[in-house]
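Engineer: Number 294 in my numbering belongs to position 169 of the sequence shown; there are no gaps in the numbering. Would you mind keeping the following structure in view while I ask a few things?
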Amino acid sequence: MSLETIILAAGKGTRMRSKLPKVLHKVGGKFMIQHVIDAARNAGSEREVVVIGSGAELVRELIPNVEFVLQEEQLGTGHAVLSAKKSFEQSKGTVLILCGDTPLLTGTLLEKLFAAHKDSNCAATILTAEMPNATGYGRVIRETDGTFRKIVEEKDATELEKKIREVNAGVYCFDVQKLFGVLEKINNDNAQGEYYLPDALPILMAEGEKVGAFSAEYADETLGINSRIQLAAVDRIFRMKKNRSLMNAGVTIVDPNTTFIDSEVQIGQDTVIHPNTYIEGNTIIGEDCKIGPNIRFTDMKVGNKVTAQFSYCHEAEICDGVTLGPYVHIRPGTTIGANVKIGNFVEVKNSDIGEGSKLPHLQYIGDTDMGSGVNVGCGSVTCNYDGKQKFRTKIGDNAFIGCNTNLVAPVNVEEGAYIAAGSTITKDVPKNNLAVARARQTNIEVWNDKRK
Ligand code: UD1
Ligand code: CA
126 MSLETIILAA
136 GKGTRMRSKL
146 PKVLHKVGGK
156 FMIQHVIDAA
166 RNAGSEREVV
176 VIGSGAELVR
186 ELIPNVEFVL
196 QEEQLGTGHA
206 VLSAKKSFEQ
216 SKGTVLILCG
226 DTPLLTGTLL
236 EKLFAAHKDS
246 NCAATILTAE
256 MPNATGYGRV
266 IRETDGTFRK
276 IVEEKDATEL
286 EKKIREVNAG
296 VYCFDVQKLF
306 GVLEKINNDN
316 AQGEYYLPDA
326 LPILMAEGEK
336 VGAFSAEYAD
346 ETLGINSRIQ
356 LAAVDRIFRM
366 KKNRSLMNAG
376 VTIVDPNTTF
386 IDSEVQIGQD
396 TVIHPNTYIE
406 GNTIIGEDCK
416 IGPNIRFTDM
426 KVGNKVTAQF
436 SYCHEAEICD
446 GVTLGPYVHI
456 RPGTTIGANV
466 KIGNFVEVKN
476 SDIGEGSKLP
486 HLQYIGDTDM
496 GSGVNVGCGS
506 VTCNYDGKQK
516 FRTKIGDNAF
526 IGCNTNLVAP
536 VNVEEGAYIA
546 AGSTITKDVP
556 KNNLAVARAR
566 QTNIEVWNDK
576 RK
């Protein structure tokens with residue numbers, strides 16, 4: 126039986142007090158709604174229709190490979206699902222309904238719900254969870270024999286109902302045709318004047334259909350985000366889960382409380398992550414590395430046996446055996462070759478640094494193709510920008526760049542060339558030549574005597 130999914134993401138997210146649509150706030154470095162889409166796919170969903178409204182254009186732009194339907198006015202979750210009616214005219218079987226603001230949902234949990242739904246002959250199965258703090262959620266009202274009766278929203282609940290800890294997770298399996306058959310019968314006669322999706326359930330039952338309620342084993346997986354405080358709490362849970370899964374896979378995380386690793390990051394065995402470290406985006410790190418303390422890597426490809434501390438590196442590649450930091454900035458478009466040493470206060474941008482080269486202290490290297498075995502002295506910089514255009518610098522294998530050299534690009538320092546300290550190099554330096562480009566020193570005798 127095929128599975129299709131509707132994801133509700135049109136709401137204003139009023140409680141977030143944000144210019145950004147709620148579902149585009151990030152958890153574990155990934156859009157909240159993308160987590161929900163991924164969970165649906167992991168549960169076997171073959172098609173995802175996202176209901177958008179508030180901030181629709183931005184959601185359309187940033188979320189790939191799903192279908193969108195527009196809910197012009199946000200009149201409630203029931204009305205939101207109804208806006209997707211046309212997209213399901215041909216559908217049979219089960220539709221999974223999810224909210225875009227519950228990013229901790231897992232494929233495994235949704236799979237279990239779907240299995241429970243299929244095994245019953247229910248027209249709908251709702252996912253419920255026991256929340257230690259149920260404030261804000263719809264409460265599950267059951268008959269005395271435990272069968273499901275209805276959902277009461279927080280704002281419509283009596284004091285007694287508010288004491289119920291079992292909540293509606295906002296996740297449902299519906300027989301798709303039966304769902305669209307009753308949606309129009311929902312009214313908005315409630316505290317918020319909205320058309321509530323959960324109200325479809327008692328209507329189905331009144332028509333003689335069965336409705337099941339399936340409880341989630343781990344309530345955390347169903348946590349919804351309505352406010353920034355809940356966003357922080359959910360992000361924290363997500364981070365801890367990611368850290369645990371990496372530790373289970375053989376990565377040492379010295380202090381999980383101060384280690385922030387995004388959802389898509391991969392890290393190899395026996396790598397050690399030291400505190401205050403952020404590993405973001407699509408970063409991949411190899412085995413046996415020592416990363417941190419105080420590292421921020423964003424969209425990095427990092428080889429094996431790399432050591433890095435107190436640095437920021439983004440959209441670049443670091444090959445095996447590199448030592449980096451403290452206080453290094455590696456900028457986009459850079460490849461740091463194997464066994465390179467990059468020391469303190471060094472910036473490298475859009476450059477290739479060949480194997481075994483050394484940038485030990487205080488360098489700026491931009492738009493440079495550097496060979497292997499090059500030694501760059503303290504304080505040397507490339508002058509890659511003339512105020513209008515960027516030019517490249519070439520440095521051949523085993524060249525030696527003396528301290529405080531300016532390499533004015535475009536310029537080519539050939540293999541084995543040697544540049545005297547303090548030079549400003551504006552012309553190419555041929556292979557194995559020594560270039561001296563500074564004023565000659567003059568020593569004036571007895572000068573200090575005269576001055577007195
Ligand atoms: C909803 C449920 C509540 C449940 C909770 C679980 C209803 C009426 N209430 O409450 O029982 O416990 O989720 O997290 O369904 N949306 C639209 N269009 C609208 C209104 C909402 O697309 O007109 C979307 C929102 O963008 C959001 C989702 O539906 O992604 C849920 O809406 P929200 O306002 O967050 O509902 P809750 O109050 O959390
Ligand atoms: Ca919500």
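Cβ coordinates follow ideal geometry from the N, Cα and C atoms, glycine included.
So the candidates are L221, R142 and G136; which of them puts its Cα closest to the Cα of V161?
Structural biologist: For the purposes of this step, residue 161 is identified with residue 36 of the sequence shown, where counting begins at 1. Nearest C-alpha to V161: L221.
Engineer: Pull up the distance between the alpha-carbon of T479 and that of V501, whole angstroms please.
Structural biologist: Position 354 of the sequence shown, counted from the first residue, corresponds to residue 479. Position 376 of the sequence shown, counted from the first residue, corresponds to residue 501. Looking at the sequence shown, residue 479 is not Thr but Gly. Looking at the two C-alpha atoms, the distance is approximately 12 Å.
Engineer: Rounded C-beta distance between K414 and K335? I'm assuming under 8 Å.
Structural biologist: Within the sequence shown, the letter at position 289 stands for residue 414. Within the sequence shown, the letter at position 210 stands for residue 335. For clarity, residue 414 is Cys in the given sequence; the question names Lys instead. With 8 Å as the limit, C414 and K335 do not qualify as a contact, their Cβ atoms being about 55 Å apart.
Engineer: According to DSSP, simplified to helix, strand and coil, what is K144?
Structural biologist: Taking the first residue of the sequence shown as position 1, residue 144 is located at position 19. If DSSP states are grouped into helix, strand and coil, K144 belongs with coil.
Engineer: Per DSSP, what kind of secondary structure is R456 in: helix, strand or coil?
Structural biologist: As a first step, residue 456 must be located in the sequence shown, where it is residue number 331. DSSP places R456 in coil when its eight states are reduced to three.
Engineer: Just to confirm, does D345 get its C-beta within under 7 Å of one of the non-hydrogen atoms of ligand 2?
Structural biologist: Against the sequence shown, residue 345 aligns to sequence position 220. Every heavy atom of ligand 2 is 7 Å or more from the Cβ of D345, so no.
Engineer: Go through the residues and name those whose CB comes closer than 6 Å to any heavy atom of ligand 2, in chain order.
Structural biologist: The answer, residue by residue, is C224, D226, G349 and N351.
Engineer: Could you check if A282 belongs to the surroundings of ligand 1, using beta carbon to heavy atom distance under 7 Å?
Structural biologist: Locating residue 282 in the sequence shown gives position 157, counting from the first residue. A282 Cβ: outside cutoff for every heavy atom of ligand 1.
Engineer: What residue range is occupied by the uninterrupted beta strand (DSSP E) comprising M330?
Structural biologist: Mapped onto the sequence shown, residue 330 falls at position 205. Counting along the chain, M330 falls outside any beta strand (DSSP E), though it belongs to the alpha helix (DSSP H) covering A325 to A331.
Engineer: Touching or not, the region 152–166 and the region 330–344, by the rule of three or more beta carbon pairs under 8 Å?
Structural biologist: No, the region 152–166 does not touch the region 330–344.
Engineer: If we require 3 or more residues per run, which beta strand (DSSP E) segments fall completely within the region 141–229?
Structural biologist: DSSP runs (the beta strand (DSSP E)) wholly in the region 141–229: 172–177, 192–195 and 219–224.
Engineer: Could you work out which residue in P451, A344 and D522 is closest to G481 when comparing CA atoms only?
Structural biologist: Within the sequence shown, residue 481 is the residue found at index 356, counting from 1. The residue with the shortest Cα to Cα distance from G481 is D522.
Engineer: Using the Cα positions of A546 and I526, report the straight-line distance between them to the nearest angstrom.
Structural biologist: As a first step, residue 546 must be located in the sequence shown, where it is residue number 421. As a first step, residue 526 must be located in the sequence shown, where it is residue number 401. Those two C-alpha atoms are separated by around 7 Å.
Engineer: Would you be able to state if there are at least three C-beta pairs under 8 Å between the region 252–265 and the region 286–301?
Structural biologist: The region 286–301, when compared against the region 252–265, does touch it at the 8 Å Cβ threshold.
Engineer: If I'm right that F339 touches L238 with Cβ under 8 Å, what's the distance once you round it to whole angstroms?
Structural biologist: Start at 1 with the first residue of the sequence shown, and residue 339 comes out as number 214. Start at 1 with the first residue of the sequence shown, and residue 238 comes out as number 113. Contact holds; Cβ gap of about 5 Å.
Engineer: Label N568 either buried or exposed according to how many other C-beta atoms from any shown protein chain fall within 10 Å of its C-beta, with 16 as the threshold for buried.
Structural biologist: Against the sequence shown, residue 568 aligns to sequence position 443. So N568 ends up on the exposed side.
Engineer: What residue does the beta strand (DSSP E) around A534 start on, and which one ends it?
Structural biologist: Locating residue 534 in the sequence shown gives position 409, where the first residue counts as 1. Note, A534: premise wrong, no beta strand (DSSP E); not H, not E.
Engineer: Express the C-alpha separation of P535 and T459 in angstroms, rounding to a whole number.
Structural biologist: What you label residue 459 is simply residue 334 of the sequence shown in a count that begins at 1. What you label residue 535 is simply residue 410 of the sequence shown in a count that begins at 1. Taking the straight line joining both Cα atoms gives about 18 Å.
Engineer: For D244, does the count of other Cβ atoms within 10 angstroms reach 16, so buried, or fall short, so exposed?
Structural biologist: Here residue 244 refers to the residue found at position 119 of the sequence shown. Classification for D244: exposed.
Engineer: Is it buried or exposed for M372, if we count other Cβ within 10 angstroms and need 16 for buried?
Structural biologist: Sequence index remark: in the sequence shown, residue 372 carries index 247 (1-based). It is exposed - the Cβ of M372 has fewer than 16 other Cβ atoms within 10 Å.
Engineer: Could you tell me the boundaries of the beta strand (DSSP E) in which M495 lies?
Structural biologist: Taking the sequence shown and counting its residues from 1, one reaches residue 495 at position 370. T493 to M495 is the span of the beta strand (DSSP E), which, as asked, contains M495.
Engineer: Considering D300, what are the terminal residues of the alpha helix (DSSP H) in which it resides?
Structural biologist: Residue numbering aside, residue 300 sits at position 175 when the sequence shown is read from its first letter. Counting along the chain, D300 falls outside any alpha helix (DSSP H), though it belongs to the beta strand (DSSP E) covering E291 to D300.
Engineer: Given E440, which residues of its chain have a CB within under 6 Å of its CB, disregarding the five upstream and five downstream residues?
Structural biologist: Here residue 440 refers to the residue found at position 315 when the sequence shown is read from its first residue. So the qualifying residues of the chain are D424 and P457.
Engineer: Which of the three DSSP states is assigned to D562 in this structure?
Structural biologist: Taking the sequence shown and counting its residues from 1, one reaches residue 562 at position 437. First, the residue type needs correcting, since residue 562 is Ala and not Asp in the sequence shown. It is coil, neither helix nor strand.
Engineer: Check whether the Cβ of V336 lies closer than 7 Å to any heavy atom of ligand 1, and answer yes or no.
Structural biologist: Residue 336 sits at position 211 when you count from the first residue of the sequence shown. Checking every heavy atom of ligand 1 against the Cβ of V336, none is found closer than 7 Å.
Engineer: Tell me D511's beta-bridge partners as DSSP assigns them.
Structural biologist: Locating residue 511 in the sequence shown gives position 386, counting from the first residue. DSSP output for D511 lists no bridge partner at all.
Engineer: Among G295, A205 and Y343, which has the Cα closest to the Cα of E278?
Structural biologist: Counting from 1 along the sequence shown, the entry for residue 278 is found at position 153. Of G295, A205 and Y343, the residue nearest in Cα terms is G295.
Engineer: Considering only the alpha carbon of each residue, which of D395, E412, K430 and K367 lies closest to Y403?
Structural biologist: As a first step, residue 403 must be located in the sequence shown, where it is residue number 278. It is K367.
Engineer: Following the continuous beta strand (DSSP E) through F273, name the residue where it begins and the one where it ends.
Structural biologist: The count along the sequence shown starts at 1 and reaches residue 273 at position 148. Where F273 is concerned, the enclosing beta strand (DSSP E) stretches over F273 to V277.
Engineer: Are there 16 or more other CB atoms within 10 angstroms of the CB of S127, so buried, or fewer, so exposed?
Structural biologist: Along the sequence shown, one-based indexing puts residue 127 at 2. So S127 counts as exposed.
Engineer: Return yes when the Cβ of G468 is within less than 8 Å of the Cβ of C444, no when it is not.
Structural biologist: Start at 1 with the first residue of the sequence shown, and residue 444 comes out as number 319. Start at 1 with the first residue of the sequence shown, and residue 468 comes out as number 343. Contact: no.
Engineer: Leaving aside the five residues before and after D324 along the sequence, list all residues of the same chain whose C-beta is less than 7 Å from its C-beta, in chain order.
Structural biologist: Taking the sequence shown and counting its residues from 1, the one referred to as residue 324 is at position 199. Once the five neighbours on either side are set aside, the close Cβ partners of D324 are G203 and I311.
Engineer: Since I520 and G496 should fall inside the 8 Å C-beta cutoff, what is the C-beta to C-beta distance between them, to a whole number of angstroms?
Structural biologist: Position 395 of the sequence shown holds residue 520. Position 371 of the sequence shown holds residue 496. With 8 Å as the limit, I520 and G496 qualify as a contact, their Cβ atoms being about 6 Å apart.
Engineer: Comparing the C-beta of G446 with each C-beta of chain D, is any distance below 8 Å?
Structural biologist: No chain D appears in the structure shown, which is made up of a single protein chain.
Engineer: Looking at the unbroken alpha helix (DSSP H) that takes in F363, where does it start and where does it end?
Structural biologist: Residue numbering aside, residue 363 sits at position 238 when the sequence shown is read from its first letter. It spans R353 to N373 - the alpha helix (DSSP H) in which F363 sits, taken as one unbroken run.
Engineer: Is the closest heavy atom of ligand 4 to the C-beta of P323 under 7 Å?
Structural biologist: Within the structure as shown, ligand 4 is missing, the only ligands being ligand 1 and ligand 2.
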